[in-house]
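Everything on this sheet refers to the single structure shown next.
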Amino acid sequence: MTKKRVAVLISGRGSNMAALVKAAERPDFPAEISLVLSNRADAAGLAFAAERGIETVVLSHKNYADRLAFDAALDAQLRVTGIDIICLAGFMRLLTPWLVERWRDRMINVHPSLLPAFKGLDTHARALALGVRFHGCTVHFVRAEMDEGPIILQAAVPVEDDDTPDTLAARVLVQEHVIYPKGLELLAAGRLAVEDERVAIAGARGGLPTLVAPAV
Ligand code: GAR
Numbered sequence: 001m002t003k004k005r006v007a008v009l010i011s012g013r014g015s016n017m018a019a020l021v022k023a024a025e026r027p028d029f030p031a032e033i034s035l036v037l038s039n040r041a042d043a044a045g046l047a048f049a050a051e052r053g054i055e056t057v058v059l060s061h062k063n064y065a066d067r068l069a070f071d072a073a074l075d076a077q078l079r080v081t082g083i084d085i086i087c088l089a090g091f092m093r094l095l096t097p098w099l100v101e102r103w104r105d106r107m108i109n110v111h112p113s114l115l116p117a118f119k120g121l122d123t124h125a126r127a128l129a130l131g132v133r134f135h136g137c138t139v140h141f142v143r144a145e146m147d148e149g150p151i152i153l154q155a156a157v158p159v160e161d162d163d164t165p166d167t168l169a170a171r172v173l174v175q176e177h178v179i180y181p182k183g184l185e186l187l188a189a190g191r192l193a194v195e196d197e198r199v200a201i202a203g204a205r206g207g208l209p210t211l212v213a214p215a216v
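Numbering-wise (full-length UniProt numbering), the sequence shown opens with residue 1 and increments by one.
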């Protein structure tokens with residue numbers, strides 16, 4: 001099996017990146033994490049990746065005149081490293097349509113809400129403010145509009161009466177760490193097809209893991 005080469009792009013803590021790295025250590029996993037790239041030198045996740053012997057690169061957006069110049073440098077780095085798939089994992093930079101199109105259907109993201117609800121920031125506080133009974137997370141292909149794109153997997157969690165944004169975020173994060181590696185596995189194994197901006201999962205048995213219910 002030739003493993004797909006994956007770059008994980010982070011800006012901070014990197015817990016989703018760590019979940020991807022751990023999943024990819026399985027011998028039968030169809031992808032390897034070949035590069036962890038951060039736009040911030042102080043991203044905590046860089047140390048974890050370096051300890052695991054993964055190549056790390058810091059590409060500071062402050063060194064580039066505009067978004068296109070930054071994205072061109074990013075694209076060049078990814079190509080030099082022979083990357084097949086990009087995973088955005090808390091990468092807090094808007095990407096240009098140019099870069100998104102170049103990596104169309106080869107770039108995925110995890111977002112802490114049940115999209116298309118709660119795009120953007122502070123998703124957990126906004127979910128609590130609106131009194132939703134279920135919240136969750138989404139793995140999706142990246143499109144030029146922020147937090148848009150064909151949905152690959154989602155996991156729902158219940159919202160408890162005494163939740164704070166932090167307790168809800170923690171419950172959702174557990175599920176992010178489940179569905180993000182699963183989404184990458186499906187993509188790297190060639191089991192995803194995008195038709196009319198909907199994702200079909202090859203070999204899914206009876207509607208497989210579009211929803212992962214947490215243990216209660
Ligand atoms: C995660 O909760 C991820 O879903 C979110 O940032 C956090 C990064 O945490 N991403 C977005 O909001 C993207 N729109 P991590 O660095 O520990 O993976």
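Ideal Cβ placement from N, Cα and C applies to all residues, glycine included.
Please read all numbers here as calculations on a predicted model, not as lab measurements.
From the listed residues D166, K3, I10, the smallest Cα separation to C87 is found for I10. Selection V57, D84, I85 evaluated against A73 yields V57 as nearest (Cα-Cα).
Apart from sequence neighbours up to five positions away, the residues of its chain that approach K4 with a beta-carbon distance below 7 Å are P30, A31, D84, I85, A188, ordered along the chain. Contact between the segment 131-146 and the segment 42-49 is absent: fewer than three C-beta pairs spanning the two stretches fall below 8 Å. Shown here for M92: same chain residues with a beta carbon closer than 7 Å to its own, the five before and five after excluded, namely S11 in chain order. In the three-state DSSP reduction, G183 falls in the helix class (H, G or I). Selection L78, L115, A117, T123 evaluated against R102 yields L78 as nearest (Cα-Cα). In the DSSP assignment, N63 falls outside any alpha helix (DSSP H), carrying neither H nor E.
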